Every structure is written in C-alpha cells, then in structure tokens.
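What follows is a short report on a single structure.
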Amino acid sequence: MARIIRGIGVSPGIAFAPAMVVRWDFPEVPDRTVRAEQVEEEVSRLRAAVDHVVSQLHDLEQRVLRRAGPEEARIFDAQTLMAQDKEFLASVETLIRNNQLSAETAYEFKALEIRNLWSGQARLRERLADLHAIQLRMLNQLMGRSGPELWAMPADEQVVVIAHELSPGLTVQLDRDHVVGLVSEEGTRTAHAAILAHSLGIPAVMGAAGALAQIAGGTMVLIDGQAGTVVLNPTRGELEDAQTQVSRRHKLELQLEGIVEQPAVTPSGRPILLMGNVDLPEEIEAAVRNGAQGVGLLRTEFLLTGRATLPTEDEQAEYFRRVALSFPERTVVIRSYDLGGDKFPAAFKAPQEANPFLGWRSIRVCLDEPEVFRPQIRAVLRAAVGRDIQLMLPLVTRVEEVLEARAMVEEEAEALRRAGVRAAPSLLVGVMIETPAAVVMADRLAEVSAFFSVGTNDLTQYTMAVDRGNARLADRFTPHDPSIVRQLHRVAEVGREAGLPVSVCGEMASEPLSAVLLIGLGIDRLSVSPPALPLVKWVVRTVPEEAARRAADEALAAASADQVSRALRAVVGEYLDVRLLDPHSALPGRGRVASLPH
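Be aware that the sequence shown starts at 1396, since it is given in the numbering used here, and climbs by one per residue.
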C-alpha cells in the first residue's frame, strides 16, 4: 500500500493531525417485516426518528449560527424541510401499513426511489447532497447507529478530514478550530468547495484517488495543500522537512505583513488595482485585513444555498450595504446569481437537462426568471445610494443579454423612484468574459458594457472542453494553455481600445506567477482570494513591468502550457524564489498552519 498519496493542491498550507474519515455510506438495511399488531409502533418509531433528526439539525444550525452567522446557518433550512416532507413521510407510512414493513425497511425503499430519480442530474447535485445527508441521519437513527458527526470531538482535538467528496454544503459546516486540513478523492482547484477552503485558509488536497481505501481513521497524516501530497504516518525526516517548509512560509508571512499597507504598484510606478473575491460574509474581514482595494467579485449564490425560500429584497440589500460599508470610497462589484450547472439550490425549481453546464444557467436563468432577478436588481440599486456599487452579469454570450439586463435595471430604478424608495438612479453594468463566444464578440460587448471581468475558471473549462471538477483531467485544466493566454490578450486589447476597465476575477488572478502574466498582458485590475492578496502584492511590487511584458510575449509565442509555465518561472525566477510562487501558493489566512511536532 502506498504511503504517499498524490492529489491536487487546492488550498496551501501544511497540516499534521490524525485522520477523521467521513463516510457518507448508507447502512445495509435488512428486509424486515413486522406483525400486524406492530405496524403502528413502527409508524411511531418513524415519527420519533424525524423529531430526533430535526432536533439534531437545529443543534447544528445553532452551532453554525454562533460561529459564523445567519447566512451560513441557513444551510440547514432545506434539510429540515426535507426531513419533515409530509408527502414523502406519508408514502413511507403507507408502505409500513400496507406491507407490514419495519420503519427502516420502508424508509430505505422510498429513499432509494428518490435517489434513483435524482441521481445523474448535475442540476440537482446540491439538493441531492442535502437529501443524502437527511436520509443517512434517518436510517442511522432508525437502526440505532451513530453516524459521522463532525462536531463530536474533544475541544482540544484537531483532525484532517478525509472524504470522498467535499461539497460546499459540507465545507461550510466544518469547525475551523478543529479541522486543520481537508482531503477528498474528488475535485480540482476550481471546484467550489476548493475555492471556499482556500478562502477560509484551510490546507486542502483534492483528487486524491484511493484516499478512503488507504487511510484508516486515526492514522497520522501530513498534508501539503500546495504540493498536493498526503503522507501517511510520516517519518521524523519528513516531519522535519515539513517544519522547514512551515518556517520558510512563516518568514515570508511576516515579511508580507509589512506589504499590506503598501501601495500595489510595479517598480516603475504603474498602479495595479488589487481587489478581493468574497464568497461568504466572513471573507469580508479577511479582504479588508489583507488590503483589498474594494471587491471585484461578490458572489451571491450563498444567499440561496441550503434555503427553502428565496432571499427577500430587504435581506439582499442589507448584505450588499454591509459589504460596501466595509470598503468606503471603494468599488464593490456584485455578480448577479450564477445559478445552473451544479449550483441549483433547494429554493429554486429547475428543469431536467442532459448537459446542465451547457444549458440553462447564469444570466439565462436571471433573464428568464424576472421574479428572481428583479428583486436582486432592486436590492443592488437600494444599496448603491452614495456608494460605488456595480452589477456584473455572468456567462454572457450575446449582446442582447446585456441590453435586456440593462433595460431591467432602468425599469426597476424608475419603479423605485416612483414609489419613493431611496435608491441609486442607475447602475454601471459590466459582463464576465467566460466563454470563447464572449471573447470573439468582445468588441461588440464593449459597446454595451461598463467593464469586463474575465472568469478564467469557466473560460478554461469551455475553451479546453474539460470539466473543471474532473480530477482525472486536472492536468489538462490550466489557464496557462496558449489558447487561454491569447484570449486574455485579445480581451485586454479590446478593453484598452474601448477605454473599458478589464479585470480578472478567476482563480488565475490569485496565483502569483499568473498575476505576472496578466500584468504583462496589459491587465491592471486583479480580483484575488483574500489570503492571496499580500503575496500577489509582493510580486507586483517586486517584478519589473518590462519583465512581465517579456514573460507575456514568450507566453503568447508558446505552443504548450508547459512552455508558458516555464517561461513564467524563468522570468520571475530572476527576481524571486519561485519555489514560493508555485500555482495557487498563497499563504493561509491568519497563519492557519497546523502545529508540527518538534
């Protein structure tokens, strides 16, 4: 059995702790019948199990509420509703009574029907995860088993969680004081859970094939979230090497503390606007602390995650104001709901599609569902009074989409004015460049847009025809591919000719080597994961602009992603130790590196 498992480093940092293996496997449920006089007793057992599970969910919700706030706690709303679904429970009770089945046998039978119905549908992925969690809790309760509970550990214990897959819903439940590292068999750098782990400063490795089969609970593991390695029962020498890495990164972290207050300018004095990406409310503080010059990407999907109902206009407006107040005199760019693909939450009704990532998602959903989009537009307008708040449209591929969205903004602004509601009279509306179609049409989109922001994660996915979440194809998923570099160059040129601001808000901007490439291509606005801000600023202030242009020229002439990466490392290596600047090598937020033994 291999002692070193290699995966993909998705969130940097080193952690050393015992493994906590989280298996969400369903128990083997025996086909058990009961006597006629026991039927009502089984129905009562079913109802008692529902009450117990709802109580469990309430306790979890309160823990998250105290630790993180109401937004994250809403993840349990949909699960509670699923646990109490009257139609489903009635069908289970009918099965118990008509067939004299035990409560767990009948429940598993009906649960399997729904799992089969929902499986294989990416649009239901998040809801299926919630359903899976509820059904597992119910079956464990009915069978007298104790399921994996991430909260049930001693107060001073730290663990590395090992799982088959880390969904955003699971990640948001983790106690950051106890979970010092994450390992999953599925996922890549641009998986949503990976982005969340990176933002929270938890070292993480994804795409670690065979991890569950090879790692037993309690096994001491050493993970490097930058190199993407998981070492089982590390030797003293391996621990000493890891300690050296921690010391080197700690020294750099101390050095970067003095960078936060410094201006983001190249050695020749060219200013680079470094903004922050904000996924969750707790990232606001991290972005401010690390010197973000505003918010270049405020994701709004978390407002829907795990909820059984859509957020109100007032809830959204209050959150947008809260973000803007944290960045006075700075720009905050709010992205409209980027729903679709694997991001249809429980509160949203979506049709079945054969290929959701090429289907009804993002701006298409917003324009087709005005009862969802218009309240968000009104909330942005209300929050934008006296503040520089802008609206960004995701996955735009057609000029008509921008025109239709702008018309909605104008209509809602006028409606608010007539109603006497205090709101901004208008909004700057920009687009995300995330598809080859948008790149090709960039000159026309520039005529109707206030700004461009390149989403390199989806641009890479759609250009390379590679699923961003497929660990098997992770080596093919790289923004350093010459096709991506050339598209970035074109967008930068179009923006410059049209006088439009152009930024990059994908994970590429958070990678120091890639940031140098972007600056060399003429892009002077980067929206970065909060923990990466100091390191990216250090690189900006250190690498001369002419060197960045030389690296970009070599990248544009390259024939492969390897050639692009080598060119970047060679040029940047003249000024910095590139061992500290490997892709995705930002420092963990607030120094979150697990303590290693001396």
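Positions of the beta carbon are idealized from the N, C-alpha and C atoms, including for glycine. Since this is a predicted model, take the numbers as computed values, not measurements.
(message) Suppose the cutoff is 6 angstroms on Cβ atoms and the five residues either side in sequence are ignored; what does the same chain contact list for residue 1444 look like?
(response) Result list for residue 1444: 1533, 1536 and 1537, in chain order.
(request) Keeping to the same chain, check which residues put their C-beta closer than 7 angstroms to that of residue 1610; ignore five residues upstream and five downstream. (result) Result list for residue 1610: 1414, 1416, 1557, 1616 and 1627, in chain order.
(request) Can you tell me which of the three DSSP states residue 1546 falls into? (result) Per-residue confidence for residue 1546 stands at a pLDDT of 47, beneath the threshold of 50, marking its modelled position as unreliable; the derived number appears in the next sentence. Secondary structure at residue 1546: coil, using DSSP grouped into helix, strand and coil.
(request) May I ask you to report which of helix, strand or coil DSSP gives residue 1538? (result) In the structure shown, residue 1538 sits in coil (DSSP, three-state: anything other than H, G, I, E or B).
(request) Please go through the same chain and pick out, in chain order, the residues whose beta-carbon is closer than 6 angstroms to the beta-carbon of residue 1817, but skip the five residues on each side of it. (result) The residues are 1780.
(message) Can you give me the C-alpha to C-alpha distance between residue 1939 and residue 1909, rounded to a whole angstrom?
(response) Using only the alpha carbons, I get a separation of about 15 angstroms.
(request) Output the distance between the C-alpha atoms of residue 1644 and residue 1618, rounded to the nearest integer angstrom. (result) Roughly 15 angstroms between the two C-alpha positions.
(request) Would you please state the rounded distance, in angstroms, between the beta carbons of residue 1973 and residue 1967? I believe it to be under 8 angstroms. (result) The distance from the Cβ of residue 1973 to that of residue 1967 is about 6 angstroms, consistent with a contact at the 8 angstroms cut-off.
(request) List the whole-angstrom C-beta distance separating residue 1576 from residue 1410, where the pair is believed to meet the contact cut-off of C-beta under 8 angstroms. (result) Rounded to the nearest angstrom, the Cβ distance from residue 1576 to residue 1410 is 3 angstroms, consistent with a contact under 8 angstroms.
(request) Kindly identify the DSSP beta-bridge partner or partners of residue 1815. (result) Residue 1815 is not bridged to any residue.
(message) Please list the terminal residues of the continuous beta strand (DSSP E) segment that includes residue 1672.
(response) Membership of residue 1672 in the beta strand (DSSP E) is indicated by the continuous run 1668 to 1673.
(request) Decide if residue 1457 is buried, meaning its Cβ has at least 16 other Cβ atoms within 10 Å, or exposed. (result) With fewer than 16 Cβ atoms within 10 Å of its Cβ, residue 1457 is classed as exposed.
(message) Per the DSSP calculation, residue 1556 is bridged to which residue(s)?
(response) DSSP lists 1415 and 1577 as partners of residue 1556.
(request) Can you give me the Cβ contacts of residue 1501 inside the same chain, cut-off strictly under 6 angstroms, excluding the 5 residues immediately before and after it? (result) Only 1487, 1490 and 1491 meet the Cβ criterion.
(message) Please give me, in chain order, every unbroken run of the beta strand (DSSP E) with length at least 3 that falls completely inside the segment 1855 to 1933.
(response) Runs found: 1897 to 1899 and 1920 to 1923.
(message) Taking a contact to mean a Cβ-Cβ separation below 8 angstroms, would you say residue 1406 touches residue 1593 in this structure?
(response) Going by C-beta atoms, residue 1406 is nearer than 8 angstroms to residue 1593.
(message) Please classify residue 1399 as buried or exposed, where buried requires at least 16 neighbouring CB atoms within 10 angstroms.
(response) Burial check for residue 1399: the Cβ neighbour count within 10 Å stays below 16, so the residue is exposed.
(message) Taking a contact to mean a Cβ-Cβ separation below 8 angstroms, would you say residue 1802 touches residue 1824 in this structure?
(response) Against a cut-off of 8 angstroms, the Cβ pair of residue 1824 and residue 1802 comes out as no contact.
(request) Using a threshold of 8 angstroms, state whether the C-beta atoms of residue 1831 and residue 1858 are closer than that. (result) Judged by beta-carbon spacing, residue 1858 lies within the 8 angstroms limit of residue 1831, meaning their Cβ atoms are closer than that value.
(request) Report the option in 1923, 1970, 1450 and 1423 whose CA atom is closest to the CA atom of residue 1694. (result) With distances taken between Cα atoms, residue 1694 lies closest to 1923.
(request) Could you tell me if residue 1402 is buried or exposed, where buried requires 16 or more neighbouring beta carbons within 10 angstroms of its beta carbon? (result) Buried is the call here.
(message) Measuring straight from C-alpha to C-alpha, what distance separates residue 1677 and residue 1720?
(response) If I take the Cα positions, the gap works out to 14 angstroms.
(message) Beta-carbon within less than 6 angstroms of residue 1783's beta-carbon, same chain only, minus the 5 sequence neighbours each way: which residues are those?
(response) Exclusion of the five residues before and after residue 1783 leaves 1726 as the residues of its chain whose Cβ lies within less than 6 angstroms of its Cβ.
(request) Could you please give the first and the last residue of the uninterrupted alpha helix (DSSP H) stretch that includes residue 1762? (result) Here the alpha helix (DSSP H) through residue 1762 covers 1758 to 1763.
(message) Please report the straight-line C-alpha distance between residue 1984 and residue 1638, rounded to a whole angstrom.
(response) In this prediction, residue 1984 scores a pLDDT of 35, lower than 50, which makes its location untrustworthy; no coordinate-derived value is stated.
(request) Go through its chain and collect everything with a Cβ distance to residue 1834's Cβ below 7 angstroms, but skip five positions before and after it. (result) Cβ neighbours of residue 1834 beyond the five flanking positions: 1828, 1882, 1885 and 1886.
(request) Assuming residue 1656 and residue 1686 form a contact by the criterion Cβ under 8 angstroms, report the distance between their Cβ atoms to the nearest whole angstrom. (result) Confirmed, Cβ separation roughly 7 angstroms.
(message) For residue 1406, report the span of its alpha helix (DSSP H) as first-last.
(response) No alpha helix (DSSP H) contains residue 1406, which is instead part of the beta strand (DSSP E) from 1403 to 1406.
(message) Mapping the DSSP letters down to three states, classify residue 1409 as helix, strand or coil.
(response) For residue 1409, the three-state secondary structure derived from DSSP is strand.
(request) Give the range of the beta strand (DSSP E) segment to which residue 1730 is assigned. (result) If you look at residue 1730, you'll find it in the beta strand (DSSP E) that goes 1727 to 1730.
(request) With a threshold of 16 other CB atoms inside 10 Å of the CB of residue 1646, please say whether the residue is buried or exposed. (result) It is exposed - the Cβ of residue 1646 has fewer than 16 other Cβ atoms within 10 Å.
(request) Give the range of the alpha helix (DSSP H) segment to which residue 1483 is assigned. (result) That run of the alpha helix (DSSP H) goes 1481 to 1494.
(request) Reducing DSSP to helix, strand and coil, say where residue 1825 ends up. (result) Here residue 1825 sits in strand by DSSP.
(request) Determine the DSSP secondary structure at residue 1428, reduced to helix, strand or coil. (result) In the structure shown, residue 1428 sits in a strand (DSSP, three-state: E or B).
(request) With DSSP collapsed to three states, give me the class of residue 1477. (result) Secondary structure at residue 1477: helix, using DSSP grouped into helix, strand and coil.
(request) Can you give me the Cβ contacts of residue 1925 inside the same chain, cut-off strictly under 6 angstroms, excluding the 5 residues immediately before and after it? (result) Once the five neighbours on either side are set aside, the close Cβ partners of residue 1925 are 1671, 1678, 1681, 1682 and 1685.
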